[in-house]
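Asker: Line order of the protein sequences matches chains A and B. Residue numbers for the first sequence follow the working numbering, beginning at 250 and rising by one. Residue numbers for the second sequence follow the working numbering, beginning at 19 and rising by one. Sharing a structure, written as structure tokens. Questions coming.
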Amino acid sequence: MKLSGEKIMPILVQHRQIVLPGQLLAEGKDVEVKAQHTIYRIGDKYYSSVIGLTDVQNGKRLSVIALEGFYFPKIDDIVVGMIIDTGLTSWTVDIRSPYLAILHASDVLSKPFNPLKDNLRKHLDIGDLVLAKIIQFDRTRSPVLTVKGKGLGKITKGVIVEIIPSRVPRVIGRKGSMINMVKDETKCQITIGLNGRIWIIGPTPTHEEVAILAIKKIERETHISGLTDRVKAFIREELKKRGLAK
Amino acid sequence: MKHEKVKLVDENGLRIDGRKPDQLRPVKMEVSVLKNADGSAYVEQGNTRVLAAVYGPREVHPKHLTLPDRAILRTRYHMVPYSTDERKSPAPTRREIELSKVIREALESVIFVELYPRTTIDVFIEVIQADAGTRTAGLMAASLALADAGIPMKDLIAAVAIGKVDGTLVLDINQVEDEYGEADMPIAMMPSLGEIVLLQLNGVLSEEEFYEALKLAQKGIAQLYEFEKQALMKKYVEVKVEEV
């Protein structure tokens, strides 16, 4: 019941609260909602459409980060793809999204490509992994990848960990705080594919192992606060156990 | 042969299994029970046991089924051969095909299918043990599995069947009440929005009885909705912080 004159709080949830589909999040006109598929609106009521974590800024900016879910392609995203088929002039790449991506031969090879003389499998075979960028995607066409760019191309060393794609933002952290901490502590090079595949290159396999454990811990405890400090302590402990730190 | 009429409501107003007319059967719900599915759930209402698995959104095969402006939804409601007291042939029956259709239509009104053009969302519902109310339990399991798969939807679905037995309206009927009762009305709703997504009626109810039944269903649905929310929350609450 609302009494007249009483101040109505437009946002009905707290910061970092777990919400469920159909849950009323906010009411009224002075709510700023980031346009995304995790929130929908009926009249001036905002509801959550997924299981997610809320993010409330300054008491009026609201967004929901999904806790479960798949990767949905976006132009300029860096992803780790796996070659699943070769055609005459292109590869089909699995990027863990509802759509299979395409990587054109002309993009990978520098000289003109003649399908009569050359076989694409010589360059990238089924099962190979590539770090690629999405250059083209809309509702009517499948995503197109490119490997032209700094650091992009075939992955030849290191390890890949898969996590739930919707938890990638938490692994990165605010302005990269989480991932930079993991990189510093484990001394590994870590590249995050936004589709939930993470590429790790460490000085030794033991360092890589610790980095994997840390990332899996972040994935599992996404919704519990104080994560960065906990992960930091965890990495130091694990390194010590393995005799890599004092 | 003369049939003895089964007494479904006794002189104290209690039902054949000892429940009050407005009492649900014991409920158990769990999500993420299957590893290989994108989302899954298990729902138990009394002796009715249902398992649901969701895959997708993913590429459509065969390709010609693809729709350019939205995802297609494919639903299979199926009863395993050992779910009933006499073996049920595993081939889909006329009844199962119809239930797959009404469940699909209920789910279509909940999922934002227009977000994922040219894909499919596949929902599999397996009835492991049947004791009436399998479509309502199946619908709840499916909606929990969809939420678990992270597919955007308007609301969870909570559903219950109302029956009329010995002239009394009762909540959440079991097999005996379904067989010997006068009417059976399954109702499914999006509880937060107050919208009905499925309503069927088998048998005869007067207009007053119909509204009475609807009210009774809403009461049961409110309780089931709480169980659903608890089941989803449980997955996150149970994750314990590993202290080092």
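By construction, the Cβ of each residue, glycine as well, lies at the ideal position given by its N, Cα and C atoms.
Where does residue 255 of chain A sit, in a helix, a strand or coil, going by DSSP?
Answerer: For the purposes of this step, residue 255 of chain A is identified with residue 6 of the first sequence, where counting begins at 1. With a pLDDT of only 46 at residue 255 of chain A, under the threshold of 50, the placement of this residue in the model should not be trusted; the figure read from the coordinates follows. Three-state DSSP puts residue 255 of chain A in coil, outside helix and strand.
Asker: In chain A, which residues lie with their C-beta within 7 Å of the C-beta of residue 171 of chain B?
Answerer: Residue mapping note: residue 171 of chain B aligns to position 153 of the second sequence, counting from 1. Those within 7 Å of residue 171 of chain B in chain A are 270 and 298.
Asker: To the nearest angstrom, how far is the alpha carbon of residue 163 of chain B from that of residue 90 of chain B?
Answerer: To locate residue 163 of chain B, count along the second sequence from 1; it is residue 145. To locate residue 90 of chain B, count along the second sequence from 1; it is residue 72. Rounded to whole angstroms, residue 163 of chain B to residue 90 of chain B spans 17 Å at the Cα level.
Asker: In chain B, which residues lie with their C-beta within 8 Å of the C-beta of residue 386 of chain A?
Answerer: Mapped onto the first sequence, residue 386 of chain A falls at position 137. The premise fails here: residue 386 of chain A is roughly 12 Å from chain B at the closest Cβ pair, so nothing lies under 8 Å.
Asker: Indicate the three-state DSSP secondary structure (helix, strand or coil) for residue 421 of chain A in the structure shown.
Answerer: As a working note, residue 421 of chain A is residue 172 in the first sequence. Correct three-state label for residue 421 of chain A: helix.
Asker: Does residue 287 of chain A come within less than 9 Å of chain B when only Cβ atoms are used?
Answerer: Counted from its first residue, the first sequence places residue 287 of chain A at position 38. Yes, residue 287 of chain A counts as interfacial toward chain B.
Asker: Please list the segments of the alpha helix (DSSP H) lying wholly inside the stretch 436-481 of chain A, counting only runs of 4 or more residues, in order along the chain.
Answerer: 454-469
Asker: So does the stretch 330-349 of chain A actually touch the stretch 372-379 of chain A, counting three or more Cβ pairs closer than 8 Å?
Answerer: yes
Asker: For the stretch 166-199 of chain B, enumerate the residues whose C-beta is nearer than 9 Å to any C-beta of chain A, in chain order.
Answerer: 166, 167, 168, 169, 170, 171, 172, 173 and 174
Asker: Could you tell me whether the Cβ of residue 347 of chain A comes closer than 9 Å to any Cβ of chain B?
Answerer: As a working note, residue 347 of chain A is residue 98 in the first sequence. Chain B, which has a Cβ nearer than 9 Å to the Cβ of residue 347 of chain A, makes this yes.
Asker: For the alpha helix (DSSP H) that contains residue 218 of chain B, what are its first and last residues?
Answerer: The count along the second sequence starts at 1 and reaches residue 218 of chain B at position 200. Counting along the chain, residue 218 of chain B falls outside any alpha helix (DSSP H), and DSSP gives it neither H nor E.
Asker: Taking C-beta to C-beta, are residue 267 of chain A and residue 316 of chain A nearer than 9 Å?
Answerer: As a working note, residue 267 of chain A is residue 18 in the first sequence. As a working note, residue 316 of chain A is residue 67 in the first sequence. Going by C-beta atoms, residue 267 of chain A is nearer than 9 Å to residue 316 of chain A.
Asker: Which runs of the beta strand (DSSP E), 3 residues or longer, sit entirely within the stretch 59-124 of chain B?
Answerer: 66-77 and 90-97
Asker: Taking the beta strand (DSSP E) that residue 190 of chain B belongs to, which residues open and close that run?
Answerer: Numbered from 1 along the second sequence, position 172 holds the residue referred to as residue 190 of chain B. Premise fails: residue 190 of chain B is in no beta strand (DSSP E) and is neither H nor E.
Asker: On a CA-only basis, which of B/147, B/73 and B/226 is nearest residue 101 of chain B? Give me that one, please.
Answerer: The residue you call residue 101 of chain B lines up with position 83 of the second sequence. The shortest Cα separation from residue 101 of chain B among B/147, B/73 and B/226 belongs to B/147.
Asker: What would DSSP say about residue 152 of chain B, mapped onto helix, strand or coil?
Answerer: Here residue 152 of chain B is taken as the residue at index 134 of the second sequence, counted from 1. In the structure shown, residue 152 of chain B sits in a helix (DSSP, three-state: H, G or I).
Asker: Compare the C-beta of residue 473 of chain A against all C-beta atoms of chain B and say whether one is closer than 9 Å.
Answerer: Position 224 of the first sequence, counting from 1, holds the residue named residue 473 of chain A. Chain B contact via Cβ: present.
Asker: Which ranges does the alpha helix (DSSP H) cover as unbroken runs of at least 4 residues, wholly within the stretch 288-360 of chain A, from first to last along the chain?
Answerer: 354-357
Asker: Could you check if residue 30 of chain B is buried or exposed, using at least 16 other CB atoms within 10 Å of its CB as the buried criterion?
Answerer: Here residue 30 of chain B refers to the residue found at position 12 of the second sequence. Answer is exposed; the Cβ neighbour count stays below 16.
Asker: Counting C-beta neighbours from all protein chains within 10 Å, is the total for residue 390 of chain A 16 or more, i.e. buried, or is it exposed?
Answerer: Mapped onto the first sequence, residue 390 of chain A falls at position 141. When all chains shown are included, residue 390 of chain A counts as exposed.
Asker: When you compare the CB of residue 254 of chain A with every CB in chain B, is at least one pair closer than 9 Å?
Answerer: In the first sequence, residue 254 of chain A corresponds to position 5, counting from 1. Per-residue confidence for residue 254 of chain A stands at a pLDDT of 45, beneath the threshold of 50, marking its modelled position as unreliable; the derived number appears in the next sentence. No - not a single Cβ of chain B is within 9 Å of the one on residue 254 of chain A.
Asker: Along the chain, where does the alpha helix (DSSP H) that runs through residue 255 of chain B open and close?
Answerer: As a position in the second sequence, residue 255 of chain B is number 237, starting the count at 1. From DSSP, the alpha helix (DSSP H) with residue 255 of chain B extends over 225-255.
Asker: Could you check whether residue 203 of chain B and residue 160 of chain B sit closer than 9 Å to each other, using their CB atoms as the reference points?
Answerer: One-based indexing of the second sequence puts residue 160 of chain B at position 142. One-based indexing of the second sequence puts residue 203 of chain B at position 185. No, the pair does not count as a contact, with Cβ atoms beyond the cut-off.
Asker: Since residue 415 of chain A meets chain B, which of its residues come closer than 9 Å, beta carbon to beta carbon?
Answerer: Position 166 of the first sequence, counted from the first residue, corresponds to residue 415 of chain A. Going along chain B in sequence order, the residues near residue 415 of chain A (Cβ under 9 Å) are 168.
Asker: Could you tell me if residue 263 of chain A is buried or exposed, where buried requires 16 or more neighbouring beta carbons within 10 angstroms of its beta carbon?
Answerer: In the first sequence, counting from the first residue as 1, residue 263 of chain A sits at position 14. Residue 263 of chain A is exposed by the Cβ-count criterion.
Asker: Rounded to a whole number of angstroms, what is the C-alpha to C-alpha distance between residue 437 of chain A and residue 43 of chain B?
Answerer: Taking the first residue of the first sequence as position 1, residue 437 of chain A is located at position 188. Taking the first residue of the second sequence as position 1, residue 43 of chain B is located at position 25. Their backbone Cα atoms lie some 55 Å apart in a straight line.
Asker: When you compare the CB positions of residue 33 of chain B and residue 183 of chain B, do they come within less than 9 Å of one another, or not?
Answerer: On the second sequence, position 15 is the one that residue 33 of chain B refers to. On the second sequence, position 165 is the one that residue 183 of chain B refers to. Between residue 33 of chain B and residue 183 of chain B, the C-beta gap is smaller than 9 Å, which places the two residues in contact.
Asker: With a threshold of 9 Å between beta-carbons, can residue 60 of chain B be considered close to chain A, or not?
Answerer: By one-based count along the second sequence, residue 60 of chain B stands at place 42. Closer than 9 Å: no.
Asker: In the DSSP output, which residue or residues are listed as bridge partners for residue 138 of chain B?
Answerer: As a first step, residue 138 of chain B must be located in the second sequence, where it is residue number 120. Under DSSP, residue 138 of chain B shares a beta bridge with B/76 and B/90.
Asker: Does the distance from the CB of residue 346 of chain A to the CB of residue 319 of chain A come in under 9 Å?
Answerer: Counting from one through the first sequence, the residue named residue 346 of chain A turns up at place 97. Counting from one through the first sequence, the residue named residue 319 of chain A turns up at place 70. Their beta carbons are under 9 Å apart, which means residue 346 of chain A touches residue 319 of chain A by this criterion.
Asker: What distance in whole Å lies between the Cβ atoms of residue 35 of chain B and residue 237 of chain B, which are believed to be in contact at a cut-off of 8 Å?
Answerer: For the purposes of this step, residue 237 of chain B is taken as the residue at position 219 of the second sequence. For the purposes of this step, residue 35 of chain B is taken as the residue at position 17 of the second sequence. About 19 Å separates the two Cβ atoms, so there is no contact after all.
Asker: Answer with buried or exposed for residue 67 of chain B, where buried requires no fewer than 16 other C-beta atoms within 10 angstroms of its C-beta.
Answerer: Counted from its first residue, the second sequence places residue 67 of chain B at position 49. Label assigned to residue 67 of chain B: buried.
Asker: Scan the stretch 444-467 of chain A for residues whose Cβ lies nearer than 8 Å to a Cβ of chain B and list them as they occur along the chain.
Answerer: 466
Asker: Could you check whether the Cβ of residue 492 of chain A sits closer than 9 Å to any Cβ belonging to chain B?
Answerer: Here residue 492 of chain A refers to the residue found at position 243 of the first sequence. So no, residue 492 of chain A is outside the interface.
Asker: Evaluate residue 229 of chain B with the Cβ neighbour count: other Cβ atoms within 10 Å of its Cβ, from every protein chain shown; 16 or more gives buried, anything less gives exposed.
Answerer: Residue mapping note: residue 229 of chain B aligns to position 211 of the second sequence, counting from 1. Residue 229 of chain B is exposed by the Cβ-count criterion.
Asker: Name, please, each residue of chain A whose Cβ falls closer than 8 Å to the Cβ of residue 257 of chain B.
Answerer: The residue labelled residue 257 of chain B in the question sits at position 239 within the second sequence. Result: 469, 470, 472 and 473.
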